[in-house]
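In this text, residue positions in the sequence shown follow this note's numbering: the first is 1, and each later residue adds one.
The C-beta atom is built at its ideal place from N, Cα and C for all residues, glycine as well.
Scroll down for the structure; my scribbles are underneath it.
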Amino acid sequence: MEMRSLFGEESQSHVLESSVKIGTSRSPFIKERITLLFEAEILEDLFIQVNTLQLCGATFKVTYVKNSGQKKSERDGFEKRRAIEREIGLHIVGKADLRHPDRLFGVMNVNRRWVFGEYKKSESVWFRHQQKPNSYSTALSTRVARAVVNIAIPKPEGIKAIDPCCGIGTVLVEALSMGIDMVGSDRNPLILPGARENIAHFGFDGEITLADIRDITGHYDVAIIDLPYNLCSVISPEVQLEMLQSARRIAEKVVVVTVEPIDEILIKAGFSIIDRAVAKKSVFIREVIVCN
Numbered sequence: 001m002e003m004r005s006l007f008g009e010e011s012q013s014h015v016l017e018s019s020v021k022i023g024t025s026r027s028p029f030i031k032e033r034i035t036l037l038f039e040a041e042i043l044e045d046l047f048i049q050v051n052t053l054q055l056c057g058a059t060f061k062v063t064y065v066k067n068s069g070q071k072k073s074e075r076d077g078f079e080k081r082r083a084i085e086r087e088i089g090l091h092i093v094g095k096a097d098l099r100h101p102d103r104l105f106g107v108m109n110v111n112r113r114w115v116f117g118e119y120k121k122s123e124s125v126w127f128r129h130q131q132k133p134n135s136y137s138t139a140l141s142t143r144v145a146r147a148v149v150n151i152a153i154p155k156p157e158g159i160k161a162i163d164p165c166c167g168i169g170t171v172l173v174e175a176l177s178m179g180i181d182m183v184g185s186d187r188n189p190l191i192l193p194g195a196r197e198n199i200a201h202f203g204f205d206g207e208i209t210l211a212d213i214r215d216i217t218g219h220y221d222v223a224i225i226d227l228p229y230n231l232c233s234v235i236s237p238e239v240q241l242e243m244l245q246s247a248r249r250i251a252e253k254v255v256v257v258t259v260e261p262i263d264e265i266l267i268k269a270g271f272s273i274i275d276r277a278v279a280k281k282s283v284f285i286r287e288v289i290v291c292n
């Protein structure tokens with residue numbers, strides 16, 4: 001099975017969207033999104049298409065979105081970008097408002113074709129979550145935590161999830177900020193007050209209970225487990241197996257974050273490994289494994 005980097009090809013700065021909604025605020029990688037309305041090989045044809053827009057009295061603004069994938073020699077300069085914005089704006093039937101438009105449109109050159117559509121920039125919600133009241137030296141970074149939640153729960157509607165080793169609550173904060181129904185638990189009573197404070201600090205209301213994963217009796221669609229690994233929580237392969245067997249029992253799908261090879265233990269626990277990726281920070285490597 002090919003191992004992909006969590007911050008590799010998926011780390012795109014922008015995305016074109018046609019039919020599937022991709023929330024820019026959900027992803028820690030997507031900085032911009034264009035919901036495709038029109039496309040053409042030459043600008044003149046795009047001008048004709050934008051003329052058919054029905055704004056119903058709404059004001060608008062057009063932004064030229066730079067394609068970071070283009071070679072520098074192929075990129076349009078500042079003056080040309082502004083000229084294209086103005087020209088497209090002149091072909092839209094409506095009133096332009098450069099400061100507070102009702103609708104914001106983007107135009108972009110992709111693979112030598114011009115695309116036009118509704119434009120939205122990411123709010124970088126995850127970045128604000130770095131400033132939480134309590135932190136833990138071995139906790140996932142907010143960026144990795146958000147990426148893991150997206151991998152585990154790409155479509156949150158109707159999903160009930162759990163983080164049964166929630167620690168300081170980093171994964172919970174990211175999940176709750178995306179409107180995901182997730183609860184948390186941990187067997188360490190000393191860390192739970194800090195996790196609860198972190199969640200409340202950002203205005204979220206989430207359930208966190210004192211419980212060992214082996215004692216959980218509920219059932220969930222998804223479980224995210226960042227296996228303990230620091231010097232204060234060394235666990236043997238036997239305990240890892242018990243934890244993963246418990247995860248197998250309580251959830252249909254499990255995403256495991258680990259710093260050591262655990263394929264054999266996962267298979268012994270009854271899992272099938274369906275995907276994997278790595279997150280690297282200097283020489284420190286975490287593996288993210290998706291199982292069912």
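Go to residue i, then tell me how far its alpha helix (DSSP H) extends in each direction, as first and last residue.
i: Thr300; result: The requested residue 300 does not occur in the structure, where the chain is confined to residues 1 to 292.
i: Gly89; result: Phe78 to His91
i: Phe47; result: Leu43 to Val50
i: Ala58; result: Here Ala58 belongs to no alpha helix (DSSP H), and DSSP marks it neither H nor E.
Leaving out the 5 sequence neighbours to the left and right, which residues in its chain are closer than 6 Å to residue i when beta-carbon positions are compared?
i: Lys21; result: Confidence at Lys21 is low in this model, with a pLDDT of 43, below 50, so the placement of that residue is unreliable and no value is reported for it.
i: Ile84; result: Tyr64
i: Glu39; result: Arg113 and Val115
i: Gly117; result: Ile34, Thr35, Leu36 and Leu37
i: Asp102; result: Ala58 and Thr59
i: Asp45; result: none
For residue i, which residues in the same chain have their Cβ closer than 7 Å to its Cβ, ignoring the five residues on either side in sequence?
i: Gly179; result: Pro156
i: His91; result: Phe47, Val50 and Asn51
i: Cys166; result: Leu172, Gly184, Ser185, Asp186, Ala195 and Ile208
i: Val62; result: Glu85, Ile88, Gly89, Phe105 and Val107
i: Glu41; result: Arg113
i: Tyr220; result: Lys160, Ala161, Ile162, Ile250 and Ala251
i: Leu176; result: Met182, Ile199, Phe204 and Gly206
If we ignore side chains and look at the alpha-carbon of each, how far apart do residue i and residue j end up?
i: Val148; j: Leu140; result: 10 Å
i: Val256; j: Ile168; result: 17 Å
i: Ser272; j: Val254; result: 10 Å
i: Asn67; j: Gly106; result: 12 Å
i: Lys72; j: Pro154; result: 34 Å
i: Thr209; j: Asp186; result: 7 Å
i: Asn188; j: Val259; result: 20 Å
i: Pro133; j: Gln54; result: 48 Å
i: Ala58; j: Gly158; result: 35 Å
i: Asp205; j: Ala211; result: 19 Å
i: Ile216; j: Ile250; result: 7 Å
i: Leu192; j: Ile262; result: 27 Å
i: Glu287; j: Met182; result: 22 Å
i: Asp163; j: Val144; result: 15 Å
i: Ile213; j: Leu43; result: 58 Å
i: Ser282; j: Arg128; result: 23 Å
i: Lys95; j: Phe60; result: 6 Å
i: Leu227; j: Ser137; result: 14 Å
i: Asn150; j: Asp275; result: 14 Å
i: Met93; j: Glu79; result: In the sequence as presented, Met is not what sits at residue 93; that position holds Val. For Val93 and Glu79, the distance between alpha carbons rounds to 24 Å.
i: Cys56; j: Gln131; result: 42 Å
i: Gly77; j: Gly218; result: 58 Å
i: Asn82; j: Thr170; result: Per the sequence shown, residue 82 should be read as Arg rather than Asn. So the two alpha carbons sit approximately 42 Å from each other.
Does the beta carbon of residue i fall short of 7 Å from some heavy atom of the ligand FMN?
i: Glu197; result: Of ligands this structure carries none, so the ligand FMN is not represented either.
Please return the same chain residues whose Cβ sits closer than 8 Å to the Cβ of residue i, not counting the five positions on each side in sequence.
i: Gln70; result: Asn109
i: Ala152; result: Ala161, Val222, Ile224, Lys253, Val255 and Val290
i: Ala269; result: Leu241, Leu244, Gln245, Ala247 and Arg248
i: Leu266; result: Leu244, Val256, Ile273, Ile289 and Cys291
i: Arg75; result: Lys66 and Asn67
i: Ile285; result: Val259, Val278 and Ala279
i: Glu197; result: Pro133 and Asn134
Using a beta-carbon distance below 8 Å, is residue i in contact with chain B?
i: Met108; result: No chain B is part of this structure, which consists of one protein chain only.
Give the range of the beta strand (DSSP E) segment to which residue i is assigned.
i: Ile285; result: Phe284 to Cys291
i: Arg276; result: Ile273 to Lys281
i: Ala247; result: Element bounds for Ala247: not the beta strand (DSSP E) but the alpha helix (DSSP H), Pro237 to Ile250.
i: Glu118; result: Arg113 to Lys121
i: Glu264; result: Per DSSP, Glu264 belongs to no beta strand (DSSP E); it is in the alpha helix (DSSP H), Asp263 to Lys268.
i: Glu32; result: Glu32 to Ala40
i: Asp221; result: Tyr220 to Asp226
i: Asn67; result: Asn67 -> no beta strand (DSSP E), and no H or E assigned at all.
i: Gly106; result: Arg103 to Val110
Should the region 194 to 201 be regarded as contacting the region 235 to 243, the criterion being three or more beta carbon pairs within less than 8 Å?
no
Fully enclosed by the region 124 to 202, which beta strand (DSSP E) runs are 3 residues long or longer?
160 to 163 and 181 to 186
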